[in-house]
Structure formats: structure tokens, C-alpha cells
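Single-structure report; data block below.
Number of protein chains: 2
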Amino acid sequence: MNRVYNFSAGPSMLPLDVLQKAAAELVCYGESGMSVMEMSHRSPDYEAIINDAEAMLRELMNIPENYKVLFLQGGASTQFAAVPLNLIKRTGKADYVVSGQFSGKAYKEAQKLGYDVKCVATTKDDNFDHVPTVTKDMVREDAAYLHICFNNTIYGTKYPYIPELGDIPVVADMSSCIISEPVDVSKFGVIYAGAQKNMAPAGLTIVIVRDDLLDYAEEKMPTMLEWKTMAENGSMYNTPPCYTIYMAKLVYEWILSIGGLEEMKKRNEKKAALLYDYLDSQDYYFAPVKKESRSMMNVTFVTGDADLDKKFASEAGKAGLKNLKGHRSVGGMRASIYNAMPYEGVEALVAFMKKFAEENPKA
Amino acid sequence: MNRVYNFSAGPSMLPLDVLQKAAAELVCYGESGMSVMEMSHRSPDYEAIINDAEAMLRELMNIPENYKVLFLQGGASTQFAAVPLNLIKRTGKADYVVSGQFSGKAYKEAQKLGYDVKCVATTKDDNFDHVPTVTKDMVREDAAYLHICFNNTIYGTKYPYIPELGDIPVVADMSSCIISEPVDVSKFGVIYAGAQKNMAPAGLTIVIVRDDLLDYAEEKMPTMLEWKTMAENGSMYNTPPCYTIYMAKLVYEWILSIGGLEEMKKRNEKKAALLYDYLDSQDYYFAPVKKESRSMMNVTFVTGDADLDKKFASEAGKAGLKNLKGHRSVGGMRASIYNAMPYEGVEALVAFMKKFAEENPKA
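Residue numbers (the numbering used here), protein chains in the order written: chain A, 34 to 396; chain B, 34 to 396.
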């Protein structure tokens, strides 16, 4: 076994301990006589797994009792539609912050569905090199919610604050930063996340929604997108993505075993500091994101020369540092250093960056 | 390892060869240095997997070139909404056959979305003990499509024929019979199936749709439910359920290796015959489904005594024959004998049935 360091933005690395445990019990789980993949979702063995997964996520994130936790399918992209379909009826209009590609997609999806939605802030003119500062006076008083993308995977930015909007719920896409550090769930109305970055393989979406926000669903909407229906059925209105939920459970268990989100944050800060400190210490590479908006999960940088960027990603790949090419829409490099990326992976990256800079002087 | 025979209606057994292969390469796939679970869906390694999966399914089912194959999320329940959202605009109305619980749900979902849908045939008054005979004159001339559920998991019935409706497309939910035997795809406009019975773990939905039916999507619908968008993006409009697709690929590979759907059908017929022949040979157990509608995948039977039924399922479970309890809405027993159930499993079941009948004489 010759494992590489995989800097993919998602799907992305999983903890080796988790993969090894999954492999060991893949064919036969405990005393069940079958794989978790084969279990009826209504069997006691499987119910224990999904209940444990929820309990562990609640413990990890310190989720208040008046929030439901849903295990769904379809990715954040499905929630781009589900959010307005479930919430906008509260007042009939909603506000969005566009801080990157995915928040832009969420905004467009709500528009496509025919809703009165307004972009109240964007950093598009600055090529999304930071997140906007959103204050209460910028949001419509009768907005059903404000939608933000808390960590912008493609640009490598993250909100250093949570908007304070009084009674207007903040809805946050946390796909690329969930469970990377503690967050005060009670400051949000809804948190959702595709699991394929920090939680599990692709195919699972987590929705954490405050109880009182379950009563605004459109009548004529696909039942599978109704949070209330899913909450009332314990995420089992139909067959959930059982095995992916099991994998998420193993990941939650791993984080709890190392000390929870406080320890996770320490490790992530240490990894990010190593990389950003190096970036700030030299002038061969340039980090386009403004310091106060820097993401701890996705670190973007460029050489300033598109050909060199291309060579960098290619040679890094050959050296066992995979998927460092930036998103196809922005170019450059991006190192996604999620929970499962070990410190040694970032050390190897920085060493490679130094070597590459020496061997490839700029003209 | 002490594997049981798992008669669950879904999620259900997977071939042991497939599970063992998946376990062996879970931590590191080939020369990639990572798990399939960790692969970027846009990486060459993963693209080869999803392309192989599609090519193998096309070969297995002999899918004509003018049909798209989509790998989606959300289960058949999501398609209950997606079908009318993608198709009804063709004429503005659609017809449904209600032959059990899931076809009833599909019909109700279309009604809920506000569409002009009509139930043109049902066997509800016969407690769904057979499927209706549907002829062209029963279907509205200007129906956008006719929706049927080809195999009814809960009741244990299957269409012994394909409705012939001229230009009106037949849309079939094949969740519980897909790739169990050859089927003439060209006789359908759309075939869809949750994968968790015959194909893969839960969390993957297959949609096979004829090209010319991609042009009727509602404008105001969730983008993630648009077949055309998914087709244009090779099922990668967003991150697909990558690992579950990989598992499906292993299952397709396994079926191709044993001789494809002709051989699969032979094996399934042999298993079903063993069980139905026994049921027909005695009068302790009763098979409620009319012979011409019998499913080869889900075999339902009762003792006629609810307490005995309960005892049967419980004792069978202790004997390593799991999940034989009928669906909670109908009671009795149900043996789901999908592709991955070995002949020996059905032999063990029949032996147990004989023993139970001897040991538990009726009053």
C-alpha cells in the first residue's frame, strides 16, 4: 500500500484509521452476518448505526435540542432548491450573499424557481478574494432568511464571523468547513453540507434545521425535498444512503476519539499556519485571498505564470501530492487540507513548493 | 466470518465476490494511492470507473444508443416527482397504473404537484394480488406517458408483459427487478430504479431515458431533478455518489462474468421455481399472488395465522434466514431472492419451511 497525499477539494481524503476499519468489517459487520451495505434500513442493527451517527454529530457540534439533524441525498446542489422551497413562504422573499461560485448557484436556483430573491452583497468585483461584511441594515427586514456559503471551496475564503440579524434566520452552506472547528449552531437557522469533504464519501447531505423553520414548506414541492417530512420520518421516508451514513459515523467516532472539534481545530490551524506562513514568507507564490477571509480548509495560490502553475500541479502529482490544480474556473493551485489531511502532508507540500521554486526560477 | 442468508427486500444481499473485492481494494485502489471513496469525481481514475459502469450496464441491458443512462441520487421516491416534472409538459396530462404501494405513491406525488393525472387501472380491490392488464384503449390518447411499477416489492407481483401503447411512452419503476433478466429497453420511454435491491448499496438511482423525452422539463423545477441537465453533464452536474457507482460497477462486472442477464435469468428462475413449486405442493403455506403475476424477486406467503407468521419470521431469523417478515403494511412473509441470493439460500429456506410446518401443526 503506497498512499498519496490527496489535496482534492472533494471527494477528498478520509482518515486512514477509518478506511482500515471499514475495510476490515466490510464483508461482515460485527455479529450481523452481513455487510452494512446489505442491511435493511429498518433492521435493529442499522437503526443503531444511524442513531449513533446522529448522536455523535450532535455531540461533536453541540447541536441544541431544538434542531433536527437530517441525513439526505442529492448534495448541496439539491439544497439550493430545497432551501427556498422549505423556507421562503415564511415571508415571501429571501436575501443572498454571493461570495463565490456555489453561493452564486444557490442564488440562481432560487431565482429560477421564480422567487423574490435579492443579492444583498457580493465580492464578485474583487474576484471573490474576500467575503463581504454583512450587517443587519443590509438585509431586507422581511426576508425569510439570509443565505450564505460559509467557506468558499473554489476561492479559498471563509467567513471570519457569523452575521447577526436578529430574528432573520441565517442559512449556511458549510459543505467545505463543517466539523473542521467548533461553531455556534444556535446562531444559524439552517446549516447544510455535502458530506464528501470532511465527513464521508460522496452521496450524503447533512441538514441541521431549527424546529420552528419546518412549517413553511411549499405545498407543491417534491416530497423528497421536504425537510419536515424527512424529520418526521427520522430521515427514513425512503431508503437513506445507509453505507455512506455508516462511513460518516466512523469519521465522527474518529474525531471524538482524538478530542472532538477543539482538537480538530488545533490540528487544522497548525496545518493551515504552516502553509500560509510559508506563502507569506516568500514572493515566488502569491496567495490571492485577503488575510481576514482565509480559509483553513482550502488554500489557494498562484505563481503568476499559468504555464508554471500547470507544471507545478503536474510535477507535484508525480511526487505523490495529488489534485493540487485549482478549480477549472479560476486556475492556479489549491490545496484542500481537510480534517483527514495529516500534518505531514502539508509539510511535504511546503517542501515540494520550495524545491519547485528553486528549480524553476521565473524569467 | 459467518454469513447469513439475507432475504431483505432492500437494501439486500450483494454477491460475496463483490464484497470481498471491494474490501480488498477499499484503502487503496489499484495504483491510485487512495480509496475510491477519496477520489475527485473529475479525476481520470474515477472517470474510468463511471465510464466503465455505464458501458457495462449498457452491455448488460442492451441499451439502445438513443437512450441516456443517468447515475443519480434520491431513490425512486425522488423520481416519483421527477417523472412528471420532466415529462408531463409533453401533453399536460399523464396516466398511472396503481398495482401496489409504490405505484400508488408515484401517482399521489404527481397529484400533489398539481398535475392532471389519472389512475387508469388498479388491482387495489383484489389487495394487489395481481397486476392489471393494460391495453391501449384504457390510456388517454393524449397522455404524456403511462407510469407503471414493473415489479411490486411489497406484494410480490410483476408484469408478465409490457404495455403496448403506440406513441405513448411507458415509464417503468424497475427498482426491484432491474438486471434480474433481459428486458427490451426499446419498449419503454423511461426506466428508473433505486439501486439498493439488485445493483449496489442504497444511495444510487439509475434512470434510462430515451433522447427525445429530454425536452419537456418544467422551467421552474429543481435543477437537480432535470434529466436533461444531468444527461448533458454526464451525471456530474454536481458530485455523484461516486463510491456507490463503483459498487454498481463491481456488480455489473460480476453479472457479465457469469454470463450476463440470460444466465442471471436462468439462476433466478431456478431459485423462484424451487420456492413456488414447494408452495404449490402443500397447504400449510399459502401464496396470495395469482400465478400469472408472480414475481421472481419477491415471493410472498402466509400461514393464515398471524401468530404463526410472526413465529416463523422470528425462528427463521435465529436459524440464519434473516428478514423474512413481510412488509409492515401487509404482514405475512416475504422472501426477497434477488440476483445475489444463492440457490443454497432458497434451499435452506424451503428446508426450514418444511421443518417449521411439521413442528407447528395448525389447530
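Where a beta carbon is used, it is the ideal one built from N, C-alpha and C, also for glycine.
Closer than 8 Å to chain B by CB, residue i
i: residue 144/A; result: no
i: residue 44/A; result: yes
i: residue 304/A; result: no
i: residue 293/A; result: no
i: residue 182/A; result: no
i: residue 274/A; result: yes
i: residue 127/A; result: no
i: residue 147/A; result: yes
8 Å Cβ cutoff met for residue i and residue j
i: residue 311/A; j: residue 327/A; result: no
i: residue 41/A; j: residue 356/A; result: yes
i: residue 237/A; j: residue 250/A; result: no
i: residue 304/B; j: residue 374/B; result: yes
i: residue 73/A; j: residue 60/A; result: no
i: residue 454/B; j: residue 184/B; result: Beyond the ends of chain B as shown, which are 34 and 396, falls residue 454/B; an answer cannot be given.
i: residue 367/B; j: residue 189/B; result: yes
i: residue 102/B; j: residue 241/B; result: yes
i: residue 157/A; j: residue 131/A; result: yes
i: residue 104/A; j: residue 278/A; result: yes
i: residue 454/B; j: residue 128/B; result: Past the edges of chain B, shown from 34 to 396, lies residue 454/B, and the structure says nothing about it.
i: residue 114/B; j: residue 255/A; result: yes
i: residue 336/A; j: residue 320/A; result: no
i: residue 381/B; j: residue 354/B; result: yes
i: residue 8/A; j: residue 372/A; result: Residue coverage of chain A in this structure runs from 34 to 396, which leaves residue 8/A outside it and unanswerable.
i: residue 191/B; j: residue 329/B; result: yes
i: residue 107/A; j: residue 106/B; result: yes
i: residue 44/A; j: residue 272/B; result: yes
Nearest-angstrom Cβ-Cβ length linking residue i and residue j, presumed shorter than 8 Å
i: residue 203/B; j: residue 181/B; result: 7 Å
i: residue 70/A; j: residue 193/B; result: Going by Cβ atoms, the distance from residue 70/A to residue 193/B rounds to 31 Å, so no, they are not a contact pair.
i: residue 63/A; j: residue 35/B; result: Their Cβ separation, rounded to whole angstroms, is 11 Å, which puts residue 63/A and residue 35/B out of contact at 8 Å.
i: residue 282/B; j: residue 94/B; result: Not really, about 14 Å apart at Cβ, beyond 8 Å.
i: residue 379/B; j: residue 370/B; result: 6 Å
i: residue 218/A; j: residue 394/A; result: The Cβ separation is near 49 Å, so there is no contact.
i: residue 206/B; j: residue 109/B; result: 5 Å
i: residue 259/B; j: residue 119/B; result: 7 Å
i: residue 264/B; j: residue 246/B; result: No, residue 264/B and residue 246/B are not in contact; Cβ-Cβ is about 10 Å, not under 8 Å.
i: residue 165/A; j: residue 179/A; result: Rounded, the Cβ-Cβ distance is 11 Å, inconsistent with contact.
i: residue 187/A; j: residue 133/A; result: 6 Å
i: residue 339/B; j: residue 358/B; result: So it is not a contact: roughly 11 Å between Cβ atoms.
Residues that residue i contacts on chain B, provided the C-beta gap is smaller than 7 Å
i: residue 155/A; result: Those do not exist, as residue 155/A stays about 21 Å from chain B at its closest Cβ, beyond 7 Å.
Proximity test, Cβ basis, 8 Å: residue i and chain A
i: residue 120/B; result: no
i: residue 68/B; result: yes
i: residue 134/B; result: no
i: residue 106/B; result: yes
i: residue 190/B; result: no
i: residue 268/B; result: no
i: residue 271/B; result: yes
i: residue 111/B; result: yes
i: residue 264/B; result: no
i: residue 63/B; result: no
Proximal chain A residues relative to residue i, where beta-carbon distance stays under 8 Å
i: residue 74/B; result: 44, 235
Where residue i meets chain B, residues with beta-carbon distance less than 8 Å
i: residue 60/A; result: 34, 36, 49, 52, 53, 56
i: residue 186/A; result: The premise fails here: residue 186/A is roughly 11 Å from chain B at the closest Cβ pair, so nothing lies under 8 Å.
Contact set between residue i and chain B, taken where Cβ atoms lie within less than 9 Å
i: residue 71/A; result: 39, 41, 44, 45, 46, 47, 52, 234, 373
i: residue 114/A; result: 254, 255, 256, 257, 258
Amino acids of chain A, ordered along the chain, whose beta-carbon sits closer than 9 Å to that of residue i
i: residue 227/B; result: 271, 272
Chain A contact residues for residue i, given Cβ-Cβ distances below 7 Å
i: residue 277/B; result: 236
Exercise. In chain order, what residues of the region 244-260 of chain B put their CB closer than 9 Å to some CB of chain A?
Worked result: 252, 253, 254, 255, 256, 257, 258
Exercise. Taking Cβ-Cβ distances below 9 Å as the criterion, which residues of the region 339-368 of chain A are in contact with chain B?
Worked result: 353, 355, 356, 361
Problem set entry | Members of the region 82-106 of chain A that neighbour chain B once the beta carbon cut-off is set at 8 Å | 106
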